[in-house]
Amino acid sequence: MIRRFFLCFLSVVFLTPSVNAESLQALAGIEQTAYVFAMNDAQAYYDNPQVIVDAMDKRLRLQACSGDLEAFSTSNANTVGKRTIGIRCLAPIEWTVYVAVQVKVMRPVVVAAKALSANQTLKASDVKIVMQDISDLRQGFLLSTNKVLGKQLKYPVAMGTALTPRSLKQQKVVQRGEQVILVAQAGSMEVRMNGMAMEDAVLGDKIKVKNNSSNRVVEGVVQAPGIVQVTM
Numbered sequence: 003m004i005r006r007f008f009l010c011f012l013s014v015v016f017l018t019p020s021v022n023a024e025s026l027q028a029l030a031g032i033e034q035t036a037y038v039f040a041m042n043d044a045q046a047y048y049d050n051p052q053v054i055v056d057a058m059d060k061r062l063r064l065q066a067c068s069g070d071l072e073a074f075s076t077s078n079a080n081t082v083g084k085r086t087i088g089i090r091c092l093a094p095i096e097w098t099v100y101v102a103v104q105v106k107v108m109r110p111v112v113v114a115a116k117a118l119s120a121n122q123t124l125k126a127s128d129v130k131i132v133m134q135d136i137s138d139l140r141q142g143f144l145l146s147t148n149k150v151l152g153k154q155l156k157y158p159v160a161m162g163t164a165l166t167p168r169s170l171k172q173q174k175v176v177q178r179g180e181q182v183i184l185v186a187q188a189g190s191m192e193v194r195m196n197g198m199a200m201e202d203a204v205l206g207d208k209i210k211v212k213n214n215s216s217n218r219v220v221e222g223v224v225q226a227p228g229i230v231q232v233t234m
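Using this note's numbering, the first residue of the sequence shown is number 3, and each one after it goes up by one.
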């Protein structure tokens with residue numbers, strides 16, 4: 003809406019027959035300024051980004067800028083994906099236009115080689131590596147099939163869809179009935195005891211464990227495979 007308003011405003015002000023072609027600002031120069039700004043932004047974070055600049059309306063007639071064009075970002079959120087770059091002139095007449103660009107970063111990512119179901123344990127034939135624009139993958143992505151093989155899916159995934167860390171179930175590091183080490187700390191003192199897990203858990207889960215010595219059931223947090231942090 004803001005971009006459309008500015009373009010309409012500028013067309014009213016500058017679409018006048020009295021402006022000579024020699025004194026018009028070249029739209030290609032504006033587009034190039036937007037391209038360079040977006041490219042520099044992207045190269046600060048990614049290798050080999052691609053920048054596509056939307057062509058400006060050829061009917062737009064702007065007074066030629068006597069100094070360098072100034073580019074600025076309308077958002078600090080993302081350097082990839084669809085962006086709007088502002089281009090400003092300060093003299094002899096101040097004007098500002100907005101240029102739409104798209105920044106792509108192609109990476110080899112893990113995708114589903116076929117339709118996959120929830121709770122399916124992934125094997126090599128279920129996934130493949132495909133070059134994709136990661137600016138479209140807002141939920142994240144995975145670069146190696148080694149990160150997914152043997153893992154279970156939380157939900158169904160359509161063929162060709164990129165797998166994300168969130169689409170995979172975390173691996174259980176504690177099994178119900180398994181003997182675990184209970185670790186309790188008080189200041190610099192640490193006490194370790196043997197116990198038994200009362201439920202399955204992944205890293206960071208709060209679970210119930212039974213102290214083998216006292217038979218008391220307490221809660222603790224899984225810190226590592228077979229290790230549960232409890233309070234004293």
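Even glycine gets a Cβ: it sits at the ideal position worked out from N, Cα and C.
This one's a predicted model, so the numbers in the text were calculated from it and none came from an experiment.
By the 10 Å Cβ neighbour count, where 16 or more other Cβ atoms means buried, how is residue i classified, buried or exposed?
{"i": "LEU74", "result": "The amino acid occupying residue 74 in the given sequence is Phe; Leu does not appear at that position. Counting Cβ neighbours within 10 Å, PHE74 comes out exposed, since fewer than 16 surround it."}
{"i": "MET58", "result": "buried"}
{"i": "VAL15", "result": "Unreliable positioning characterises VAL15 in this predicted model, as indicated by a pLDDT of 44, which lies under 50. A coordinate reading is not provided."}
{"i": "ILE54", "result": "exposed"}
{"i": "PRO238", "result": "This structure leaves residue 238 out entirely; the chain is present only between 3 and 234."}
{"i": "VAL219", "result": "exposed"}
{"i": "ALA226", "result": "exposed"}
{"i": "SER137", "result": "buried"}
{"i": "ASP43", "result": "buried"}
{"i": "SER216", "result": "exposed"}
{"i": "GLN1", "result": "What the structure shows of the chain is the stretch from 3 to 234, and residue 1 is not part of that stretch, so it cannot be assessed."}
{"i": "ASP128", "result": "buried"}
{"i": "CYS10", "result": "The predicted model places CYS10 with a pLDDT of 39, which falls under 50 and marks its position as unreliable, so this point remains unresolved."}
{"i": "THR81", "result": "buried"}
{"i": "GLY69", "result": "exposed"}
{"i": "THR35", "result": "buried"}
{"i": "ALA79", "result": "exposed"}
Where do the ends of the alpha helix (DSSP H) carrying residue i lie?
{"i": "ASP135", "result": "No alpha helix (DSSP H) contains ASP135, which is instead part of the beta strand (DSSP E) from 129 to 135."}
{"i": "GLY31", "result": "29 to 45"}
Check the DSSP bridge columns for residue i and list the partner residues they point to.
{"i": "GLN52", "result": "LYS106"}
{"i": "ALA114", "result": "VAL129"}
{"i": "GLN231", "result": "VAL185 and VAL223"}
{"i": "ASN80", "result": "In DSSP, ASN80 forms no bridge with anything."}
{"i": "ASN213", "result": "GLY197"}
{"i": "LEU26", "result": "GLN65"}
So the beta strand (DSSP E) residue i belongs to, where does it begin and stop?
{"i": "PHE74", "result": "72 to 75"}
{"i": "GLU221", "result": "219 to 226"}
{"i": "GLN65", "result": "First-last for GLN65: undefined, no H or E at that position."}
{"i": "GLY83", "result": "83 to 91"}
Between residue i and chain B, is there a C-beta pair that is closer than 8 Å?
{"i": "ASP128", "result": "You won't find chain B in this structure, because it holds only one protein chain."}
Which ranges would you report for the beta strand (DSSP E) in the stretch 148 to 209 if only whole runs of at least 3 residues count?
-> 181 to 188 and 191 to 199
The stretch 130 to 145 / the stretch 187 to 195 touching (three or more Cβ pairs under 8 Å) = no
Please confirm if the stretch 79 to 87 is in contact with the stretch 111 to 127, defined as three or more CB-CB distances below 8 Å between the two stretches.
-> no
Using 8 Å as the Cβ pair cut-off and three pairs as the minimum, do the stretch 153 to 169 and the stretch 196 to 208 touch?
-> no
Report yes or no: do the stretch 101 to 108 and the stretch 149 to 161 share at least 3 C-beta pairs separated by less than 8 Å?
-> no
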